[in-house]
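S.K.: The structure is given below, and queries will be raised subsequently.
There are 2 protein chains.
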Amino acid sequence: MAHSLNTDETSQLIASNKVEGTAVFDMDGERLGSITNFMVDKRSGKAEYAVMQFGGFLGVGADYYPVPWQMLSYSTDHGGYVVDLDKDMLEDAPRFADDEEPAYDNSYNQQVSTYYGVTY
Amino acid sequence: MAHSLNTDETSQLIASNKVEGTAVFDMDGERLGSITNFMVDKRSGKAEYAVMQFGGFLGVGADYYPVPWQMLSYSTDHGGYVVDLDKDMLEDAPRFADDEEPAYDNSYNQQVSTYYGVTY
Numbered sequence: 021m022a023h024s025l026n027t028d029e030t031s032q033l034i035a036s037n038k039v040e041g042t043a044v045f046d047m048d049g050e051r052l053g054s055i056t057n058f059m060v061d062k063r064s065g066k067a068e069y070a071v072m073q074f075g076g077f078l079g080v081g082a083d084y085y086p087v088p089w090q091m092l093s094y095s096t097d098h099g100g101y102v103v104d105l106d107k108d109m110l111e112d113a114p115r116f117a118d119d120e121e122p123a124y125d126n127s128y129n130q131q132v133s134t135y136y137g138v139t140y
Numbered sequence: 021m022a023h024s025l026n027t028d029e030t031s032q033l034i035a036s037n038k039v040e041g042t043a044v045f046d047m048d049g050e051r052l053g054s055i056t057n058f059m060v061d062k063r064s065g066k067a068e069y070a071v072m073q074f075g076g077f078l079g080v081g082a083d084y085y086p087v088p089w090q091m092l093s094y095s096t097d098h099g100g101y102v103v104d105l106d107k108d109m110l111e112d113a114p115r116f117a118d119d120e121e122p123a124y125d126n127s128y129n130q131q132v133s134t135y136y137g138v139t140y
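Chains as they are written, first to last, in this note's numbering: chain A, 21 to 140; chain B, 21 to 140.
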């Protein structure tokens, strides 16, 4: 079982099942939420999206927000990820409910990257 | 909770928590074992190691084998990963027990990549 393994974090690497649940902070160090899981390119092994939840923060705790991985910085101080996001930015951000998972096709990737102003 | 989310796989992406548990096959399509979890570079988001278990296959089911991610190919036919590994190659392969997780430092990375003949 994945979660019986204690290996979780070194200075450079972190276990996939530890990323799941890792806290996410804003630029002021306020806790925004946490990473539910992340979407990995099957072949290259590159994380493309962190799927985040912002429980309570926006009053829409049940929704999932796919955020381009490149927007995340890892902070050893916080022991978590930092993103340059705030409530205003998240208000209209791409999100989905539990039973409405996106296809992550070209059109969706384009929509998300355009919203955040990053290159997919 | 990570595992309440149903999003798991599209043509290009796969959810981190679905990779955990994904089967691994040899070049003949025989099931070798499965991926326990994977070690990700905290900053780049790149998977560096798939940590595999080969339950029963080598009679050392409890051990974990960190295999460089670049050795994995994803097979849509199998719905899992294929690696060019066999019993002989795994007999002396780097492995660890539950309470002996490696530091994944430069020396360890070198040891693993040298063993498998890949570049870290």
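From the three backbone atoms N, C-alpha and C, an ideal C-beta is built for every residue, glycine too.
Name the DSSP bridge partner or partners of N126/B?
M.R.: The partner list for N126/B (beta bridge, DSSP) is empty, contrary to what the question assumes.
S.K.: Report the residue from E40/A, D119/A, T139/A and Q32/A whose alpha carbon sits nearest the alpha carbon of Q90/A.
M.R.: With distances taken between Cα atoms, Q90/A lies closest to T139/A.
S.K.: Give me the DSSP bridge partner(s) of G141/A.
M.R.: Not covered by the structure: residue 141/A. The range shown for chain A is 21 to 140.
S.K.: Let me know if Q130/A comes out buried or exposed under the rule of 16 or more other beta-carbons within 10 Å of its beta-carbon.
M.R.: Burial call: exposed.
S.K.: With C-beta atoms as the reference, is N8/A less than 8 Å away from S36/B?
M.R.: A query on residue 8/A cannot be resolved here, the shown segment of chain A reaching from 21 to 140 and no further.
S.K.: Apply the 10 Å Cβ neighbour rule to E111/B and answer buried if 16 or more other Cβ atoms are within range, or exposed otherwise.
M.R.: Exposed, by the Cβ-count rule.
S.K.: Does T96/B pass the burial test, meaning 16 or more other C-beta atoms within 10 Å, or should it be called exposed?
M.R.: Classification of T96/B: exposed, given that the 10 Å Cβ count is below 16.
S.K.: According to a CB-to-CB cut-off of less than 7 Å, which residues of the stretch 37-61 of chain B neighbour chain A?
M.R.: Under the 7 Å Cβ criterion, the stretch 37-61 of chain B contributes N37, V39, E40, G41, T56, N57, F58, M59, V60 and D61.
S.K.: Is there a C-beta anywhere in chain B that falls below 8 Å from the one on A113/A?
M.R.: Cβ-Cβ to chain B under 8 Å: no for A113/A.
S.K.: Taking Cβ-Cβ distances below 9 Å as the criterion, which residues of the stretch 87-107 of chain A are in contact with chain B?
M.R.: Residues W89, Q90, L92, S93, Y94, T96 and Y101.
S.K.: What residue from A67/A, Y101/A and P114/A has the CA that sits closest to G49/A's CA?
M.R.: Taking only the C-alpha atoms, the option nearest G49/A is Y101/A.
S.K.: Tell me whether G41/B, by its Cβ, gets closer than 7 Å to a heavy atom of the ligand GDP.
M.R.: This structure simply doesn't include the ligand GDP, nor any ligand for that matter.
S.K.: Closest Cβ-Cβ distance between Q131/B and chain A: below 8 Å?
M.R.: Answer no: the Cβ-Cβ gap between Q131/B and chain A never drops below 8 Å.
S.K.: Could you check if M72/A is buried or exposed, using at least 16 other CB atoms within 10 Å of its CB as the buried criterion?
M.R.: M72/A comes out buried.
S.K.: Pull up the distance between the alpha-carbon of D83/B and that of I55/B, whole angstroms please.
M.R.: D83/B and I55/B: Cα-Cα distance of roughly 12 Å.
S.K.: In angstroms, rounded to a whole number, what distance separates the CA positions of K107/B and F74/B?
M.R.: Approximately 10 Å, taken between the alpha carbons.
S.K.: For A70/B versus L92/B, is the C-beta distance shorter than 8 Å?
M.R.: Against a cut-off of 8 Å, the Cβ pair of L92/B and A70/B comes out as a contact.
S.K.: Per DSSP, what kind of secondary structure is V132/A in: helix, strand or coil?
M.R.: Three-state DSSP puts V132/A in a helix.
S.K.: Kindly list the residues whose CB is nearer than 6 Å to the CB of Y128/A, restricted to its own chain and excluding five residues on each side of it in sequence; keep chain order.
M.R.: Hits under 6 Å: P122.
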